[in-house]
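One structure is given below, encoded as structure tokens.
Residue numbers (the working numbering): 3 to 588.
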């Protein structure tokens, strides 16, 4: 036990009279910390307690229905301590501070229960005074919130599940260090000699401060693609697919051309196919579709009674079809043929992809495809192409988890203050963005806006995760609503849900592209963020001969955006625009 020094916390949740307020004198710390044997749970007052970390058995993290959090500590003797209430967040900070000294392992049967274990870290051999939390002249008051915040921001993130998720690349900002510990704070005075001392934990690789982001560049949108034939050669091949994608990304597609262009964007037709080859592809794909459709159409009622999987798919599809985009004239009414096509295509997809079958939300993806193509076969094969690039409906939800993690990475780079605020309100997982990513904002914008948005996303410009940059743009637009407010988890979720049909698509697209360009201009961007936005290329001996089409695409996009921004602001800030450095890509 001599190797495990005990950290003492003075905790109080009430507000006693002046003579009883929580003061901890220096001799109190000395008495507890220097004890060579476990100190039993001791009450100094009814509103305070102390417990050596070596005697902590577990802690439970809970939340009231209104969203306020509280923690309950249990000693190794089985005695629960008074609950600690957190009215404005802080539970994560407490857990991270504790993990500096002990290991907190989540219980395998209860995600909110953490079991405490000692570890052999050398940090446990430091005394409380060695942490330099106090000036020599301060010997009176320690508030638990301030002590824990200083511990959290000054020492390492050890054994923290959230930080561990981000691995070795995470860049942690110090945005509220100034608020919690001003330069002249008596809790951690810093003199000139500190600049020559050993580096702090914040200087460690993987946790350095991101400082390379410049201002967000101005972005303008363009006109929709309104010519198609001029991009075809005499045999019907698309002469410049990249130019088509750039125009679609910049302004979308004229409604009259969507039926033709969407088939190329979604892989139904190859870009280099001739008119004759496309006729052959359509004939082959039509035969294949109806062979699969016959498979489920020919199942008798008696057979279906013994096929619970097919019966379940049919029931779920019928229920979803009856409530998908019924405001649209193509799907309105009880006997609308559009509803029958929607049902048949989804049932046939179950035959095409047995492993996945039907998952709720797929009807939302199909409806715009069917509306534009007005063709059962073409909408089916466009759906298969959409699902291949989408991949959000896996049973394991790994793709969705990965995207939420990547969105957190982007927010940590773009607006760490907002992310930390959300994290303090138990919303740092960004789970309220789940619906956005699952069906690509289908419920957040109007039906016509979704047609424009999806064709932009299908270009995969400037990167495959442009929809994540869109989500970040929406969150950034709401920072004024969140920062400094009294929102908790429930009200944050409610506010996000109420954004439905209140967002301007073009504003969000401009913000997303601006985010991309801002990140692309950062020469010290973490590798993991580079990977999210498609800028990272692992070094290899064949770099000179390896294809760099994606880098070429993003370079062209950047040049177009900068040119457009320069034209719109030439009269006022042409010099500043010309001086802006162009990012380089691996």
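Glycine included, every Cβ here is placed at the ideal spot set by N, Cα and C.
Note that the structure is a prediction, hence the values are computed from the model and not measured.
Checklist entry - Which value, in whole angstroms, describes the spacing of the CA atoms of residue 457 and residue 263? => result Near 9 Å, if we compare the C-alpha coordinates of residue 263 and residue 457.
Next on the checklist: Can you check which of these residues, 378, 391, 227 and 316, is closest to residue 361 by C-alpha distance?
Outcome noted: The shortest Cα separation from residue 361 among 378, 391, 227 and 316 belongs to 316.
Item to check | Own chain, CB closer than 7 Å to residue 380, minus 5 neighbours either side, in chain order | outcome: Answer for residue 380: 265 and 270, listed in chain order.
Checklist entry - Going along the chain, which residues of its own chain have a beta-carbon closer than 7 Å to the beta-carbon of residue 473, five neighbours each way excluded? => result 409, 435, 438 and 439, listed in sequence order.
Next on the checklist: If I follow the unbroken beta strand (DSSP E) through residue 108, where does it start and stop?
Outcome noted: Looking at the DSSP string, the run of the beta strand (DSSP E) that includes residue 108 is 104–108.
Item to check | Whether residue 591 touches residue 374 by CB criterion (8 Å) | outcome: Within the shown structure, residues of the chain are numbered from 3 to 588, placing residue 591 beyond reach of any answer.
Checklist entry - Considering only residues of the same chain and omitting the five flanking positions on each side of residue 459, which have a CB-CB separation below 7 Å? => result Counting only residues of its own chain and dropping the five nearest sequence neighbours on each side, residue 459 has a CB closer than 7 Å to the CB of 442, 468 and 469.
Item to check | Collapsed DSSP secondary structure at residue 334 in the structure displayed | outcome: In this structure, residue 334 counts as coil in the three-state DSSP scheme.
Next on the checklist: So for residue 255, helix, strand or coil by DSSP?
Outcome noted: Look at residue 255 here: in three-state DSSP terms it is strand.
Checklist entry - Pick from 399, 340, 358 and 359: whose alpha carbon is nearest that of residue 377? => result Nearest C-alpha to residue 377: 340.
Next on the checklist: If I measure Cβ to Cβ from residue 238 and keep anything under 6 Å in the same chain, skipping five residues before and after, which residues do I get?
Outcome noted: Answer for residue 238: 276 and 277, listed in chain order.
Item to check | Nearest candidate by alpha-carbon position, reference residue 350, set 294, 240 and 486 | outcome: Checked all of 294, 240 and 486; the closest Cα to residue 350 is 294.
Item to check | Own chain, CB closer than 6 Å to residue 303, minus 5 neighbours either side, in chain order | outcome: So no residue of the chain qualifies.
Checklist entry - Is it right to say residue 342 is buried, meaning 16 or more other beta carbons lie within 10 angstroms of its own, or is it exposed? => result Label assigned to residue 342: exposed.
Checklist entry - Can you find at least 3 beta carbon pairs, one from the segment 217–235 and one from the segment 246–259, that sit closer than 8 Å? => result Verdict: yes, contact present.
Checklist entry - Taking the alpha-carbon positions, what's the residue 528 to residue 82 distance? => result C-alpha of residue 528 to C-alpha of residue 82: approximately 43 Å in a straight line.
Next on the checklist: For residue 420 and residue 477, which I take to be in contact (beta-carbon distance under 8 Å), what is that distance rounded to the nearest angstrom?
Outcome noted: Contact holds; Cβ gap of about 7 Å.
Checklist entry - For the putative contact between residue 55 and residue 103, defined by C-beta atoms under 8 Å, what is the C-beta separation to the nearest angstrom? => result Taking the Cβ atoms as the reference, residue 55 lies roughly 5 Å from residue 103, within the contact range of under 8 Å.
Item to check | Contact the segment 482–490 vs the segment 504–514: 3+ CB pairs below 8 Å | outcome: Result no; under three Cβ-Cβ pairs closer than 8 Å.
Checklist entry - Are the beta-carbon atoms of residue 280 and residue 253 separated by less than 8 Å? => result Contact flag unset, no.
Checklist entry - Does the beta-carbon distance from residue 215 to residue 465 come in below 8 Å? => result No Cβ-Cβ contact shorter than 8 Å links residue 215 with residue 465.
Checklist entry - If you draw a straight line from the C-alpha of residue 462 to the C-alpha of residue 405, how long is it? => result Taken atom to atom, the span from the alpha-carbon of residue 462 to that of residue 405 is near 16 Å.
Checklist entry - In whole angstroms, what separates the C-alpha of residue 218 from that of residue 519? => result Taking the straight line from one Cα to the other gives about 8 Å.
Item to check | Through-space distance from residue 424 to residue 432, alpha-carbon basis | outcome: If I take the Cα positions, the gap works out to 8 Å.
Next on the checklist: For the beta strand (DSSP E) containing residue 86, name the first residue and the last one.
Outcome noted: It spans 86–88 - the beta strand (DSSP E) in which residue 86 sits, taken as one unbroken run.
Next on the checklist: Buried or exposed for residue 296, going by 16 or more other Cβ atoms inside 10 Å?
Outcome noted: Note on residue 296: under 16 other CB atoms within 10 angstroms of its CB, so exposed under the neighbour-count rule.
Next on the checklist: The alpha helix (DSSP H) that contains residue 315, what's its start and end?
Outcome noted: For residue 315, the uninterrupted alpha helix (DSSP H) run begins and ends at 310–323, by DSSP.
Checklist entry - Cα-Cα, which of 480, 392, 355 and 292 is closest to residue 366? => result In terms of Cα proximity to residue 366, the closest of 480, 392, 355 and 292 is 392.
Next on the checklist: Could you tell me the alpha carbon to alpha carbon distance between residue 75 and residue 495, rounded to whole angstroms?
Outcome noted: Each residue's Cα considered, the two are about 29 Å apart.
Checklist entry - Beta-carbon separation of residue 327 and residue 449 under 8 Å? => result Cβ distance < 8 Å, so residue 327 and residue 449 count as in contact.
Checklist entry - Out of curiosity, what's the CA-to-CA distance linking residue 451 and residue 99? => result Between residue 451 and residue 99, the C-alpha separation is close to 46 Å.
Checklist entry - I think residue 1 touches residue 537, with their Cβ atoms under 8 Å apart; what is that distance to the nearest whole Å? => result Shown here, the chain extends from 3 to 588; a query on residue 1 therefore has no answer.
Item to check | Per DSSP, the bridge partner or partners of residue 62 | outcome: Per DSSP, 74 and 115.
Checklist entry - Buried or exposed: residue 86, going by 16 or more other Cβ atoms within 10 Å of its Cβ? => result Residue 86 should be labelled buried.
Checklist entry - What three-state label does DSSP hand residue 521 in the structure shown? => result Residue 521 falls in the helix class under three-state DSSP.
Next on the checklist: Quick check on the DSSP output: the alpha helix (DSSP H) that includes residue 283 runs from which residue to which?
Outcome noted: Counted as a single uninterrupted DSSP element, the alpha helix (DSSP H) harbouring residue 283 occupies residues 277–299.
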